[in-house]
Amino acid sequence: MEKALNPKQTMKRLWGYLKKDRLKLGFVTFFVLFATVASVIAPYLLSVAVDQFVGKEDMKPLLFLCIALVILYLLITFSRWITNYIMVRISEQSMYYLRTDLFQHLEKLDLSFFDQHKKGDLMSRFTNDITIIDDALSEAVIQIISSVLMLVGVTVIMFIMNPFLALATIVTVPIFFWIVVKIGVASGKYFMKQQDNLGKLNGVSEEMMTGMRVIKSYCKEDESVLEFEQYNNALREVSIKAELYSNLVIPANVAVNNIGYVLIIAVGSIMTVFGHATVGNILAFVTYADMFRRPINQLATLYASIQAALAGAERVFEVMDQPIEIVDVKEPISFDHVEGFVSLEHVHFGYTKNKPILKDINLEVSKGESVALVGPTGAGKTTIINLLTRFYDVSDGVIKIDGIDISKVKQKELRKKIGIVLQDTHLFKGTVKENIRYGNKFATELEVIEASKKAQAHQFIHRLPNGYDSIVEEEGSNFSEGERQLIAIARAILADPDILILDEATSNVDTRTELQINQGMKELMNGRTSFVIAHRLSTIRSADTILVLNHGEIIERGNHEQLLAQKGFYYDLYMSQFED
Amino acid sequence: MKNLGKLLRFLKPYKKWAFLAPSLIFLEVIMELFLPSIMANVVNVGIAEKNIGYIILHLGIMVILTVLGIVGGILSTYYSAKASGYFASDLRKELFHKISNLSFFNLDKIKTGHLVTIITNDITLIGSVLMLCLRFIFRVPVIVIGSLIMALTISPKLSMVLLILIPFMIVVVSIVMKKAFPYFQKMQDSVDEVNTVVRENLSGIRVVKAFVMEEHEIKRFEEVSQHLMDVTVKGTRIMVTALPIVMLFIHIATVLLLWYGGIEVNLGTLQVGDIMAFIEYLTNILTALMMASMVIVMLSRSEVSAFRINEILGLDQDLEDGKQALSLETMTGKLEFKNVSFAYDNGSGDAVLKNINFVVHPGETIGIIGGTGSGKSTLVNLIPRFYDVSSGEILIDDINIKDYRLSFIRKYVSIALQKPFLFSKTIRENLSYGNERATEEQLVNGAHIACAYEFIQEKGMDYVLEQRGVNLSGGQKQRLSLARAIISDPKILILDDTLSAVDMKTDHQIRTNLKPFLKDRTTIIVASKIASIMELDQILVLEDGEIVGKGTHQELMQHCQFYQELYHSQLERGEERGKSIES
Ligand SMILES: Nc1ncnc2c1ncn2[C@@H]1O[C@H](COP(=O)(O)OP(=O)(O)OP(=O)(O)O)[C@@H](O)[C@H]1O
Ligand SMILES: Nc1ncnc2c1ncn2[C@@H]1O[C@H](COP(=O)(O)OP(=O)(O)OP(=O)(O)O)[C@@H](O)[C@H]1O
Ligand SMILES: [Mg+2]
Ligand SMILES: [Mg+2]
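This is the structure in structure tokens:
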């Protein structure tokens, strides 16, 4: 993905998430203001006390002041607590919105995006990147408000008290900020690398974990650890640098502040010598310089951690900014009921620009017709299905359903009309029942069982100790390959679509079961347009039309008998199964 | 903190850094400690007495201290960043190493989402907490003790204020910790959940889109996301109460000091300047304690992560090399199953395989056919010891496979899995995965046998596959995975329904190509098409985990009812053939 580094823009967008709850933010601001003002006043009272009431015979004013201070501190504590209390919700809420927005966009993205991005890296954006934003942001708002306010307040008071001393305190600030920005830029760069590397590491870990069987069966554990280590080491190096740079702010701050002290003392001493300042003045100034140092220190540290947040945010927004190519037209045609006429007219397609996969596909399917696609592997059968469901858009030509160009229809409506069993079965974590109901949430228990029976899945599900409530692990790993396919078929049947697509739906199912499924399917397909892809020719023999695909072109079409009679490609294919 | 303690061993190689980091902080702390007293002196003595020489001398000392402090601070950051960086990366490596050596008994139980969270999120957390610790571990006691001594020298009586306050702070912090801990646990578990849902959506995006379940998935995500938010809010809210309360203590202490200090000054036992200095020390001590309490809270947060890490590091390495760890020169390839039974740990507990017996001799090919879910894949997965048998034994060259070195078996046993898995690398890298030294010729040859050469050539050897090979067709993936197994040059080759997505013609071609290759190897072919195994010397028919038939095609046709049924379900083609030949 292209990296467009634009901290200002990113900051603005993050702020957009934070400011969603204005009321809460208002409360926070109010209490922060109060706490800050109060904590500027308190030490002032303290210094007044030391200068004027301590050492006096009458202790009453001191007692009075002490009580006032206690009350003030209690109020400060309360407002600090309440600001934190509210702020936690604000920042977590905004992270929630951020995550959800990211996820929503993800769900809309084109399939080609998913083809090209590592799962682990995308996962990292949801967790690691959002965590780093959260860590920085949750404190940033309060601290920025309080620091800036504190800074302004202290500066004003200092100038009122003694402009020369005040100047001596402030003079170092610009230098300091210059240093902080330099450090920030450097650390920002490394934070970005750190988050990228973290994503990559997440990516390889996820991939290796999924491929553990292959790794183990070829004894590649050690090599995998080595490969993992490469990413791991790269991550380590950049994160050490990121930490180092962002933490440099602290010693830099100490240095500048101490220079400030020295200046105060120097200027102060000279002024006292000439009678322009008092000892009490200087002491107060040291305290103020201390107070001055705190917000600046905070701002500087914040600046560094905001760099980290920005690095995370860039990566989150990067995905959110991915353009979606397959979009609905402005005024989509409504698609209430589908008769099932399907036509492909001069369809061309390639996954990448210069590599055409499908070439000039023409096809006319009438209502209720069953169409079988056959051909050698890699011929483009699955690709045609991908186009029918608009997982990808044609490069050229049109696909029409009931005479309507599918690119003019709402994608969701289109897909609702199509039921599909994919070549790569995928089950979700949950129960068997939930998986079968996936396309039809409101199906009754009875309907679920009915569909399972048609898919020949009932028998084995029924025998499971928990039946339809048995747990399906991630990706259905606790079921056999064939069992997963049966569940997927049941799922498609239950969705009760107008057009049914089976892409190698029974490739791992034993032939006896397959035969039973096919018999059940016949009834189901009655009146429905259907597309079947299979290599086992027994499955497709009975289709109304058989299309033979080779190298992305339809080279033969007709029914079984016609094609056999042609003695062409299909004939060869068909005969090859008896050659043994 | 038990779990964190256990992880400290990973810091051992970096003792030096881990020691230097906090030690160097010393310089920074010294500066912080002496600065107030020097300044008090400058004001009280230098300025009051108008002694310019005194002032300049002390300013000079201040400058030197500052420089020392800064150098110390930077170096300390450097070493702590290094120590925690190396610590984290070693921990990751060890964890990954551990995972890659676990058996599938254990791996099946751990969710990938969980593992991935631990490897990145949890370890990052622990690393940054370590960094924090290294920078505060000495700082806090040094500041506290140093300031305490300074305070004591000014006024022992006033110092009592501190001693009274500290226990209070400890109580507050430990209460907060105790309350927040369960939420920290839930937070990490929630991150797992988020990872799991995202991962599932990424792998199943086609299904999600096909069934128009985006809304449903978004709702599902919102639920886990909301849960993560809620537990984080709850945990953090408890956490953030600690700080204001601790700060309140600091403030109250200041007021108390002011009051008692005022009394002392009146009594003439204390100077006015001392009160300010005292307050300064007090603030130092309490700020240090405040940091300490933050660190402790963070530590308790990372304790959760440490627990999660230890949980995995502590898993039994239940699949170990055999006691004799045999690693012979080569393998002949005789394979025997003796009364093998097997049940999955997490399954229903019912045996998936029951009493399996068969022998395959080198050079022989055995076919396995059976119903969906009858245990075929399970059976072949036992051979490379992905799982260990529950009872009975598997022998290779008449020796129990548990007695061999694991790597020896896996080197000579190759399996082309039913669900092909390819890496997001080039085709070439994928092909040579099982045999890095394979020459180009061997690669091409392997590809030829698997009938994969044509499409490989078209795409190029250096074509980069996307994750899991999504940019290949189903049959292409299978053939690549088959070619990979062939190229690894095994003694025992297992094909688990490897040609299910390959068309008839290619299927036939591959089987013809394989014949010479299989000559002196032991081969197991799991198939669903009778045609694929019909001519083999030995066919096992599996039903519900039991062998219900064994023999040649002819024998089975006579004795095995299930085989007959399978045959009949494919029979029509035979009839068809007859018809088409007639016509
Ligand atoms: N996502 C993708 N990106 C790039 N190329 C792809 C992608 N998916 C498939 N291809 C390529 O497009 C061609 C057609 O693939 P397709 O999946 O349509 O074949 P198929 O006829 O379904 O084959 P099979 O019977 O093996 O499933 C193949 O050469 C394949 O490598
Ligand atoms: N990891 C697992 N955990 C628990 N049960 C499992 C696991 N893997 C498979 N099973 C169960 O064990 C049984 C046998 O599965 P196996 O994968 O061996 O079947 P198979 O004969 O290969 O079937 P297919 O022809 O569908 O590939 C099935 O009932 C399945 O549900
Ligand atoms: Mg396909
Ligand atoms: Mg199987």
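These protein sequence lines are chains V and F, in that order.
So for the first sequence, the working numbering puts the first residue at 2; every next one is plus one.
So for the second sequence, the working numbering puts the first residue at 11; every next one is plus one.
Built from N, CA and C at the ideal position, the CB exists for glycine as well.
Distance, residue j Cα to residue i Cα
{"i": "F/Asp506", "j": "V/Ser188", "result": "51 Å"}
{"i": "F/Gln5", "j": "V/Arg537", "result": "A query on residue 5 of chain F cannot be resolved here, the shown segment of chain F reaching from 11 to 593 and no further."}
{"i": "F/Ala93", "j": "V/Val274", "result": "50 Å"}
{"i": "V/Gln94", "j": "F/Met239", "result": "7 Å"}
{"i": "V/Asp122", "j": "V/Lys430", "result": "21 Å"}
{"i": "F/Tyr443", "j": "F/Glu464", "result": "20 Å"}
{"i": "F/Ala511", "j": "F/Ala537", "result": "12 Å"}
{"i": "F/Lys589", "j": "V/Gly379", "result": "Note on F/Lys589: pLDDT 43, under 50, position unreliable in the model; no value is reported."}
{"i": "V/Ser80", "j": "V/Leu300", "result": "21 Å"}
{"i": "F/Phe20", "j": "F/Phe97", "result": "6 Å"}
{"i": "V/Thr302", "j": "V/Val89", "result": "20 Å"}
{"i": "F/Gly95", "j": "F/Cys143", "result": "13 Å"}
{"i": "V/Asn363", "j": "V/Gly351", "result": "16 Å"}
{"i": "V/Ser371", "j": "V/Leu345", "result": "15 Å"}
{"i": "F/Val282", "j": "F/Asn276", "result": "10 Å"}
{"i": "F/Leu576", "j": "F/Met341", "result": "35 Å"}
{"i": "F/Pro1", "j": "V/Pro252", "result": "The requested residue 1 of chain F does not occur in the structure, where chain F is confined to residues 11 to 593."}
{"i": "V/Leu26", "j": "F/Arg318", "result": "36 Å"}
{"i": "V/Met321", "j": "V/His106", "result": "6 Å"}
{"i": "V/Asn467", "j": "V/Ile386", "result": "35 Å"}
{"i": "F/Ile376", "j": "F/Val370", "result": "7 Å"}
{"i": "F/Asp284", "j": "V/Gly200", "result": "55 Å"}
{"i": "V/Phe104", "j": "V/Phe127", "result": "8 Å"}
{"i": "V/Lys57", "j": "V/Leu63", "result": "9 Å"}
{"i": "V/Gly398", "j": "V/Leu24", "result": "54 Å"}
Under 7 Å between C-beta atoms of residue i and residue j
{"i": "V/Ser218", "j": "F/Pro394", "result": "yes"}
{"i": "V/Val250", "j": "V/Ile146", "result": "no"}
{"i": "F/Ser434", "j": "F/Glu374", "result": "no"}
{"i": "F/Glu451", "j": "F/Met11", "result": "no"}
{"i": "V/Gln196", "j": "V/Arg391", "result": "no"}
{"i": "F/Leu416", "j": "F/Leu389", "result": "no"}
{"i": "F/Ile378", "j": "F/Leu550", "result": "yes"}
{"i": "V/Ile91", "j": "V/Asp135", "result": "no"}
{"i": "V/Ile402", "j": "V/Val343", "result": "yes"}
{"i": "F/Glu553", "j": "F/Gly359", "result": "no"}
{"i": "V/Tyr289", "j": "F/Arg247", "result": "no"}
{"i": "F/Lys515", "j": "V/Ser577", "result": "yes"}
Three-way DSSP call (helix, strand, coil) for residue i in this model
{"i": "F/Arg102", "result": "helix"}
{"i": "F/Ser310", "result": "helix"}
{"i": "V/His463", "result": "helix"}
{"i": "V/Ser481", "result": "coil"}
{"i": "V/Ile534", "result": "strand"}
{"i": "V/Gln563", "result": "helix"}
{"i": "V/Ser471", "result": "coil"}
{"i": "F/Arg145", "result": "helix"}
{"i": "V/Leu110", "result": "coil"}
> Pick out every residue whose C-beta is nearer than 5 Å to a heavy atom of ligand 1: which are they, in chain order?
Replying inline: V/Asp116, V/Tyr352, V/Ile358, V/Thr378, V/Gly379, V/Ala380, V/Gly381, V/Lys382, V/Thr383, V/Thr384, F/Asn481, F/Leu482, F/Ser483, F/Gly484 and F/Gly485
> Among all residues, which have a Cβ less than 7 Å from at least one non-hydrogen atom of ligand 4, and in what chain order do they fall?
Replying inline: V/Ser481, V/Glu482, V/Gly483, V/Asn509, F/Lys386, F/Ser387, F/Gln428, F/Asp506, F/Asp507 and F/Val536
> Which residue spans inside the segment 191-276 of chain V form an unbroken beta strand (DSSP E) run of at least 3?
Replying inline: none
> What are the uninterrupted segments assigned as alpha helix (DSSP H) that are 4 or more residues long and contained completely in the segment 508-588 of chain F, given in chain order?
Replying inline: 514-527, 540-543 and 563-569
>> Restricting to runs no shorter than 4 residues, where is the alpha helix (DSSP H) found entirely within the segment 208-253 of chain F?
In response: 215-220
> What runs of the beta strand (DSSP E), each 3 residues or longer, lie entirely inside the segment 61-134 of chain F?
Replying inline: none
>> I'd like the ranges of any alpha helix (DSSP H) spanning at least 4 consecutive residues and lying wholly in the segment 384-459 of chain V.
In response: 412-418, 433-437 and 446-455
> Which runs of the alpha helix (DSSP H) spanning at least 4 residues fall entirely within the segment 143-198 of chain F, listed in chain order?
Replying inline: 149-164
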